[in-house]
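Visitor: Could you have a look at this structure, given as C-alpha cells, before my questions?
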Amino acid sequence: MKSIFTRCLFALIFVGPSNFLMAQEAPEEKEEKKIQFNGDFRFRPEYDWNSNNGSSTSNEGTGKRDNRFRLRYRMRLAAVYNWNENIKIGLRFRTGVPTSIQSPHVNLGYKGLGMVPFNLDKIFFRYEKGEYWGWVGKNSFPFWKQNELFWDDDVLPEGLVFGAKYKAGSVDVSPTAAYFMANNIPVDGNSAFPFNGSGKGFGNGDNYGDIIGAQIKLSHKNDNYQGVASFGYYDMNDIFTTPELSFDAADETGPYLVLNYKFLMASLQFKSFVIWDKWPITLGYDFVTNMEDYEDEKYDETFDDLGLRDQLRKETTSHTASISVGRSGQKGDWQFTYYYAHKEMFSVVSYFTEDDWVRWGNIHANRNTNYSGHEFRLVYTIAKNFNVVTRFYTLEALERRRPGDDQLESGNRLRVDFNISF
10 MKSIFTRCLF ALIFVGPSNF LMAQEAPEEK EEKKIQFNGD FRFRPEYDWN
60 SNNGSSTSNE GTGKRDNRFR LRYRMRLAAV YNWNENIKIG LRFRTGVPTS
110 IQSPHVNLGY KGLGMVPFNL DKIFFRYEKG EYWGWVGKNS FPFWKQNELF
160 WDDDVLPEGL VFGAKYKAGS VDVSPTAAYF MANNIPVDGN SAFPFNGSGK
210 GFGNGDNYGD IIGAQIKLSH KNDNYQGVAS FGYYDMNDIF TTPELSFDAA
260 DETGPYLVLN YKFLMASLQF KSFVIWDKWP ITLGYDFVTN MEDYEDEKYD
310 ETFDDLGLRD QLRKETTSHT ASISVGRSGQ KGDWQFTYYY AHKEMFSVVS
360 YFTEDDWVRW GNIHANRNTN YSGHEFRLVY TIAKNFNVVT RFYTLEALER
410 RRPGDDQLES GNRLRVDFNI SF
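Plus 9 on top of the position in the sequence shown (first one is 1) and you've got the numbering used here.
This is the structure:
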C-alpha cells in the first residue's frame with residue numbers, strides 16, 4: 010500500500026501547482042468576521058411490504074419479512090465561519106444513531122421516548138483561491154455525482170481533498186483528488202484487534218484502511234442544453250466488510266474481515282431546455298466496475314468466512330440510468346424522475362452506497378447491493394425552501410446470497426418526505 014505521503018503528493022500533482030496552498034495572513038482587526046448558519050428538517054412516513062427473505066421457510070414458513078411502517082424524522086444544523094475570503098471553517102450536527110453512518114433518521118418513539126441522538130458529522134477547514142480549492146477534515150463527498158448509487162450523501166469521508174476548475178474553450182474542466190482514512194485500526198494477519206474476532210488484511214503488515222480517489226469532470230452549458238461527463242478511479246484498501254462503528258455495538262462473534270476495491274467509474278448527464286424551459290429533460294447514466302480479482306486464492310479464506318455463494322465473487326459491475334422531467338426549487342415546480350439500477354454484490358461498498366432502496370441487513374451491516382430495480386420519484390415544491398418528495402421502489406436480488414438460500418430476496422418501499430430548509 011502506498012504511504013500517506015505518496016498519496017498526498019499524487020493529489021497535489023494531479024490538481025496543479027504546488028503554490029496552491031499559499032500562506033495566508035491573519036485578517037486585520039477592522040475586517041468583519043462572519044458566521045453563517047443553516048439547517049433543515051425532514052418528516053418521513055415510510056412503508057415496506059412484500060419483501061422476500063433468502064429462505065422460503067423463514068419467518069414461520071412465510072419466506073417473507075414482516076411488513077413495516079415507520080414514522081421518521083431528521084434534523085441538521087450547520088455553521089460556517091468565514092475567516093477571510095479564502096478560508097472557511099465549518100461544522101455540522103445531525104440526528105441519527107451514531108453506528109449508522111448512512112442514515113441521520115430517527116424513528117418516532119426511539120427507545121421509549123429516550124433522548125434523541127445528535128452527533129457532529131462535519132468538521133472541516135476549507136481553502137479556496139482562484140481556480141484552486143481544498144479541504145481537510147470530515148466533509149461531504151467531494152467528487153461530482155448525479156445520484157447516491159455509488160456514494161451516499163450521508164457518508165462523510167475524512168481526509169485531504171484538492172481540486173481545481175479550468176476553462177478549455179467552452180468546456181469547464183474540474184479535476185479533483187483526495188486521500189481518505191477509512192478506519193484507524195492496523196490490519197494484518199496477526200493483529201490483536203481491540204474487539205472480538207480477527208482481521209485479515211492484504212497490506213504490508215501495519216496498514217490502515219484508506220481510500221485514494223481521482224476524478225476529471227467535463228461540463229458545458231448554453232441556452233439550449235447542459236452536458237456533464239466525469240471519469241473517476243477509487244482505490245480502496247483494507248476496507249472492513251462491516252463498518253468499524255459497529256464493532257462495539259453489534260453482538261457478533263465472527264471475524265471482522267476486509268476487502269480491497271479498485272473502482273473505475275464513468276458518468277454522463279445531458280439536460281435539454283429546448284422543449285420548454287420550465288420542463289427540462291435530464292438523462293443520466295453511470296457505470297462502475299470493480300477491477301479487484303476476488304477469485305484470486307488470497308481471498309479464499311475471506312470468502313469462506315463471509316459465507317457467501319462462490320458465484321458472488323464475480324459480481325463486480327453496476328450501472329444506473331435515469332430520466333427526469335421538470336425542475337424543483339421554486340414555488341409550484343414539479344419534477345418526475347425514473348431510475349433503473351443494477352448493482353452487483355461487489356460493484357460498490359455496501360455501507361458507502363445509498364440505503365434507500367432496500368431494507369436488507371441492519372444498521373451495523375447494511376446489504377445495499379446485489380439487486381436490480383426501479384425508483385419512481387415525484388417532487389413538488391410548496392415554497393422556495395419547502396418541498397414534498399414521494400418515492401416508490403421495487404426490486405429483486407440478482408443472485409441468491411447464501412449457499413442454503415432457495416429464493417431471491419425482494420422488496421417494495423414507499424416514502425413521502427416533507428423537507429424544509431432554513
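Where is the CB? At the ideal position from N, CA and C, for every residue including glycine.
Within the same chain, show all residues whose beta-carbon is closer than 6 Å to that of Met354, passing over the 5 residues directly before and after it, in chain order.
Guide: Here residue 354 refers to the residue found at position 345 when the sequence shown is read from its first residue. So the qualifying residues of the chain are Leu321, Glu324, Thr378, Asn379.
Visitor: Could you check the C-alpha separation between His328 and Lys43 for me, to the nearest Å?
Guide: For this step, residue 328 is matched to residue 319 along the sequence shown. For this step, residue 43 is matched to residue 34 along the sequence shown. Each residue's Cα considered, the two are about 43 Å apart.
Visitor: Look at the Cβ atom of Gly222, then the Cβ atom of Phe249, and state whether they are nearer than 8 Å.
Guide: As a first step, residue 222 is located in the sequence shown; it is residue number 213 there, counting from the start. As a first step, residue 249 is located in the sequence shown; it is residue number 240 there, counting from the start. Contact: no.
Visitor: Would you call Pro113 buried or exposed, if buried means 16 or more other Cβ atoms sit within 10 Å of its Cβ?
Guide: Walking along the sequence shown from the start, residue 113 turns up at place 104. Answer is buried; the Cβ neighbour count reaches 16.
Visitor: Three Cβ pairs or more, each shorter than 8 Å: is that satisfied between the stretch 293-306 and the stretch 389-409?
Guide: Counting Cβ pairs under 8 Å, fewer than three are found: no touch.
Visitor: When the Cα of Leu417 is compared with those of Arg74, Phe52, Trp288, which residue comes out closest?
Guide: On the sequence shown, residue 417 is found 408 positions in, with the first residue counted as 1. Nearest C-alpha to Leu417: Arg74.
Visitor: Let me know if Gly413 comes out buried or exposed under the rule of 16 or more other beta-carbons within 10 Å of its beta-carbon.
Guide: On the sequence shown, residue 413 is found 404 positions in, with the first residue counted as 1. It counts as exposed.
Visitor: With a floor of 3 residues, list each beta strand (DSSP E) that falls wholly inside the stretch 293-336, ordered by position along the chain.
Guide: 326-335, all fully within the stretch 293-336.
Visitor: Determine the burial state of Phe401: buried for a count of at least 16 other Cβ atoms within 10 Å of its Cβ, exposed for fewer.
Guide: As a first step, residue 401 is located in the sequence shown; it is residue number 392 there, counting from the start. Result: exposed.
Visitor: Could you have a look at Gly99 and say whether DSSP puts it in helix, strand or coil?
Guide: By 1-based counting over the sequence shown, the position of residue 99 is 90. Reduced to three states, the DSSP call for Gly99 is strand.
Visitor: Can you name the residues that DSSP bridges to Phe159?
Guide: In the sequence shown, residue 159 corresponds to position 150, counting from 1. Looking at the DSSP assignment, Phe159 forms no beta bridge with any residue, so it has no partner.
Visitor: Does the separation of the CB atoms of Arg376 and Ser356 fall below 8 Å?
Guide: Sequence index remark: in the sequence shown, residue 376 carries index 367 (1-based). Sequence index remark: in the sequence shown, residue 356 carries index 347 (1-based). Cβ atoms of Arg376 and Ser356: not closer than 8 Å.
Visitor: Could you spell out the range, first to last residue, of the beta strand (DSSP E) harbouring Glu55?
Guide: Position 46 of the sequence shown holds residue 55. Element bounds for Glu55: 43-58.
Visitor: Report yes or no: do three or more beta-carbon pairs, one from the stretch 281-297 and one from the stretch 174-194, lie closer than 8 Å?
Guide: The answer is no - the stretch 174-194 does not touch the stretch 281-297, with fewer than three Cβ pairs under 8 Å.
Visitor: Could you say which of Val267, Trp144, Arg51, Glu405 lies nearest to Phe133 if we only look at CA atoms?
Guide: By 1-based counting over the sequence shown, the position of residue 133 is 124. Per the Cα distances, Trp144.
Visitor: Whose C-alpha, out of Pro289, Ala177, Trp58, Arg386, is nearest the C-alpha of Tyr347?
Guide: Along the sequence shown, read from residue 1 onward, the residue named residue 347 stands at position 338. Residue Arg386 is the option with its Cα nearest to Tyr347.
Visitor: Specify, as a first and last residue, the run of the beta strand (DSSP E) that Asn62 falls within.
Guide: The residue given as residue 62 occupies position 53 in the sequence shown. Here Asn62 belongs to no beta strand (DSSP E), and DSSP marks it neither H nor E.
Visitor: For Ser430, is the classification buried or exposed, using 16 other Cβ atoms within 10 angstroms of its Cβ as the cut-off for buried?
Guide: Taking the sequence shown and counting its residues from 1, the one referred to as residue 430 is at position 421. The residue is exposed, with fewer than 16 neighbouring Cβ atoms inside 10 Å.
Visitor: Taking the CB atoms as reference points, tell me whether Phe189 and Glu157 lie closer together than 8 Å.
Guide: Here the question's residue 189 lines up with position 180 in the sequence shown. Here the question's residue 157 lines up with position 148 in the sequence shown. No, these two residues do not count as a Cβ contact at 8 Å.
Visitor: Once the 5 residues before and after Gln339 are set aside, which same chain residues still bring their CB inside 7 Å of it?
Guide: Stepping through the sequence shown from its first residue, residue 339 is reached at position 330. Around Gln339: Thr390, Lys393.
Visitor: Look at the alpha carbon of Gln224 and the alpha carbon of Thr71, and state the distance between them as a whole number of angstroms.
Guide: The residue given as residue 224 occupies position 215 in the sequence shown. The residue given as residue 71 occupies position 62 in the sequence shown. Cα to Cα, the separation comes out at about 47 Å.
Visitor: Throw me the rounded Cβ distance for the Val115 and Thr104 pair, which I believe falls under 8 Å.
Guide: Your numbering for residue 115 matches position 106 in the sequence shown. Your numbering for residue 104 matches position 95 in the sequence shown. Yes, Val115 and Thr104 are in contact; Cβ-Cβ is about 5 Å, under 8 Å.
Visitor: For Gln45, which of Phe240, Gly420, Gly99 has the nearest alpha-carbon?
Guide: Taking the sequence shown and counting its residues from 1, one reaches residue 45 at position 36. Here the closest residue by C-alpha is Gly99.
Visitor: Since Asp365 is in the beta strand (DSSP E), which residue starts that stretch and which ends it?
Guide: For the purposes of this step, residue 365 is taken as the residue at position 356 of the sequence shown. Counting along the chain, Asp365 falls outside any beta strand (DSSP E), and DSSP gives it neither H nor E.
Visitor: What is the DSSP secondary structure of Gly72, counted as helix, strand or coil?
Guide: Here the question's residue 72 lines up with position 63 in the sequence shown. If DSSP states are grouped into helix, strand and coil, Gly72 belongs with coil.
Visitor: Does the separation of the CB atoms of Phe282 and Trp160 fall below 8 Å?
Guide: Stepping through the sequence shown from its first residue, residue 282 is reached at position 273. Stepping through the sequence shown from its first residue, residue 160 is reached at position 151. Not closer than 8 Å, so no.
Visitor: Just how far apart, CA to CA, sit Ile284 and Thr291?
Guide: Position 275 of the sequence shown holds residue 284. Position 282 of the sequence shown holds residue 291. Taking the straight line joining both Cα atoms gives about 12 Å.
Visitor: Which whole-angstrom value is the C-beta distance of Arg79 and Glu55, which I expect to be below 8 Å?
Guide: Translated into positions along the sequence shown, residue 79 becomes position 70. Translated into positions along the sequence shown, residue 55 becomes position 46. With a Cβ gap of about 5 Å, Arg79 and Glu55 count as contacting.
Visitor: Can you grab the Cα-Cα spacing for the pair Gly335 / Asp286, in whole Å?
Guide: As a first step, residue 335 is located in the sequence shown; it is residue number 326 there, counting from the start. As a first step, residue 286 is located in the sequence shown; it is residue number 277 there, counting from the start. Answer to the nearest angstrom: the Cα atoms are 9 Å apart.
Visitor: Is it right to say Lys120 is buried, meaning 16 or more other beta carbons lie within 10 angstroms of its own, or is it exposed?
Guide: Position 111 of the sequence shown, counted from the first residue, corresponds to residue 120. Looking at its Cβ environment, which holds fewer than 16 other Cβ atoms inside 10 Å, Lys120 is exposed.
Visitor: Using a 10 Å radius around the Cβ and a threshold of 16 neighbouring Cβ atoms, would you call Phe152 buried or exposed?
Guide: Counted from its first residue, the sequence shown places residue 152 at position 143. When all chains shown are included, Phe152 counts as buried.
Visitor: Using a threshold of 8 Å, state whether the C-beta atoms of Glu137 and Lys174 are closer than that.
Guide: In the sequence shown, residue 137 corresponds to position 128, counting from 1. In the sequence shown, residue 174 corresponds to position 165, counting from 1. Cβ distance not < 8 Å, so Glu137 and Lys174 don't count as in contact.
Visitor: Going along the chain, which residues of its own chain have a beta-carbon closer than 6 Å to the beta-carbon of Gln278, five neighbours each way excluded?
Guide: As a working note, residue 278 is residue 269 in the sequence shown. If we look at Gln278 and ignore the five residues flanking it on each side, its Cβ neighbours are Gln155, Val237, Gly293.
Visitor: Would you call the CB atoms of Leu315 and Leu266 closer than 8 Å?
Guide: Within the sequence shown, residue 315 is the residue found at index 306, counting from 1. Within the sequence shown, residue 266 is the residue found at index 257, counting from 1. Taking 8 Å as the Cβ cut-off, Leu315 and Leu266 qualify as a contacting pair.
Visitor: Roughly how many whole angstroms lie between the Cα atoms of Ala275 and Thr108?
Guide: Indexing the sequence shown from 1 puts residue 275 at position 266. Indexing the sequence shown from 1 puts residue 108 at position 99. Approximately 31 Å between the Cα atoms of the pair.
Visitor: May I ask you to report which of helix, strand or coil DSSP gives Met124?
Guide: Position 115 of the sequence shown, counted from the start, is the residue given in the question as residue 124. Note: Met124 maps to coil in three-state DSSP.
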